[in-house]
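In the UniProt record's numbering, the protein residues as written are 1 to 518. Encoded as structure tokens, the structure appears first; notes follow it.
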């Protein structure tokens, strides 16, 4: 079963978890939240974004199969059973005696084989639409029919049948125990049994029922238990059977189904992601979508997107998560987002960055509909308040980070910048902002720039956007809209609220003048 449900060919190089985007976009937190609901380690997968549309679409198709209730239940049942069997195999190597180790390994490997047979049959009935699960079904069938697998199955069946035939009887006389293959004749055994157990047992036949199994041997005060000594005697009575059991363990103690552990881990990843997204959708009454991937230059959009981490925090609370739209048309490169503080601007660019990165993982993203290009990198530059004490200064730190960003950026990159150059003057910040955007547009990069410098929206290929407030108030609406120009919306509301507009001042001055003349 040498295949992967996640990758086509060699997996991509993992991105370092310390990269700025994982902190700035709260992706590390999101990945940890998904990991908490998964029984196996899957976090490393989140740091390996895919590099081709074909690979992404392959994952999306598997998610679509798992969106069918029968598909999810099938795979959830399989990974649960697989985990239990894996624990049994691991425990088998730590049993007290070699015989118990071999017997438990035999049982566990037999269970594993039966699980794979059932999974193959269930997949055939389910009829998956994704190439990934179709390939899994085909590979399972190939494995089950392979000569080596058939040899293992034959040995397990033969040995299991032989062990079932192991029967023995015990004769206990004081401290002495005799083990035989035949029930010893005892002329007065029935009479003694009737006298001893007749008053408390209605069915004495239970006394003669063969023992179905021997419990795991234990050590008592450093000595071998009675069970272990009985097994030693059974070796003498059934030497051929126990020799087969020993041979089986020696031959298969390191046995693993090719690719089995990898497939189980990858299925767990799909299931954990689906549980996470469906829980947030249900608790916040929001939507997730598998985005359509397009080539660079086509219109891109997200409808009713939202910040995934915010949705996690707000899940089940009274405060609703406000969705937003994102549109980037051909010949547009950067959205310039202005507006009041705490108006949702940072949440907005996190929403966009998360969407592009999660899309590259083949995951469902927040939104009701989405069309995006496959980003080569999601690069971020958010303000670092904790750097204020550095001797180098905030401005130098900003420039150093931007220089590192320039080394990576290309035409397929998404660049998200939040409040650059806040440590310098407005004039200098405007000049530096223009320089940054000019350099990024020359590299054909795309992205979003959150800034108080509204004049940057007048540069070529820029789109002005505004964090809105409720009409006639200064209350934030947490909605980000395109606008013909960014100047004035929030400032005008403040001036109106405190009656500091030109007309209001002139009116008060006129009123004061009239009062003085009176």
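C-beta atoms are modelled at their ideal positions from N, C-alpha and C, and glycine is treated no differently. Keep in mind the model is a prediction, meaning the values are calculated, not measured.
- For residue 15 against residue 41, the beta-carbon gap comes to about 17 Å, at or over 8 Å, which does not count as contact.
- Straight across, the Cα-Cα distance linking residue 378 with residue 261 is about 31 Å.
- The Cβ atoms of residue 264 and residue 3 lie no closer than 9 Å to each other.
- Fewer than three Cβ pairs drawn from the segment 404 to 415 and the segment 424 to 433 lie within less than 8 Å of each other, which leaves the two stretches out of contact.
- Shown here, residue 325 sits in a strand according to DSSP, grouped into three states.
- For the pair residue 361 and residue 56, the CB atoms are nearer than the 9 Å cut-off.
- Straight across, the Cα-Cα distance linking residue 303 with residue 370 is about 6 Å.
- Taking C-beta atoms as the reference points, residue 430 and residue 402 fail to come closer than 9 Å.
- DSSP places residue 362 outside any beta strand (DSSP E), giving it a letter other than H or E.
- Around the beta-carbon of residue 339, 16 or more other beta-carbon atoms lie within 10 Å, marking it buried.
- DSSP links residue 382 through a beta bridge to 418.
- Within the segment 295 to 356, the complete beta strand (DSSP E) runs of at least 3 residues fall at 300 to 305, 324 to 328 and 334 to 338.
- In the three-state reduction of the DSSP assignment, residue 466 falls in the strand class.
- The shortest C-alpha to C-alpha distance from residue 73 to any of 244, 270, 200 and 160 is the one to 270.
- Here residue 14 carries a coil assignment [DSSP, helix/strand/coil].
- Under DSSP, residue 446 shares a beta bridge with 414.
- For the 9 Å CB-CB criterion, residue 37 and residue 272 form a contact.
- Residues of the same chain with a CB within less than 7 Å of the CB of residue 17, apart from the 5 flanking positions on each side, are 28 and 47 in chain order.
- For the pair residue 160 and residue 8, the Cα-to-Cα distance works out to about 40 Å.
- A check of alpha carbon separations from residue 231 across 280, 178 and 256 identifies 178 as the nearest.
- A straight-line Cα-Cα distance of about 21 Å links residue 450 and residue 372.
- The beta carbons of residue 416 and residue 293 sit no closer together than 9 Å.
- By the Cβ criterion, the segment 333 to 347 is not in contact with the segment 273 to 282, since fewer than three pairs of Cβ atoms, one from each stretch, lie closer than 8 Å.
- Residue 373 is bridged by DSSP to 294.
- Taking all protein chains shown into account, residue 80 has fewer than 16 neighbouring C-beta atoms within 10 Å of its C-beta and is therefore exposed.
- Counting C-beta atoms within 10 angstroms of its own C-beta, residue 319 has fewer than 16 neighbours from the protein chains shown and is therefore classed as exposed.
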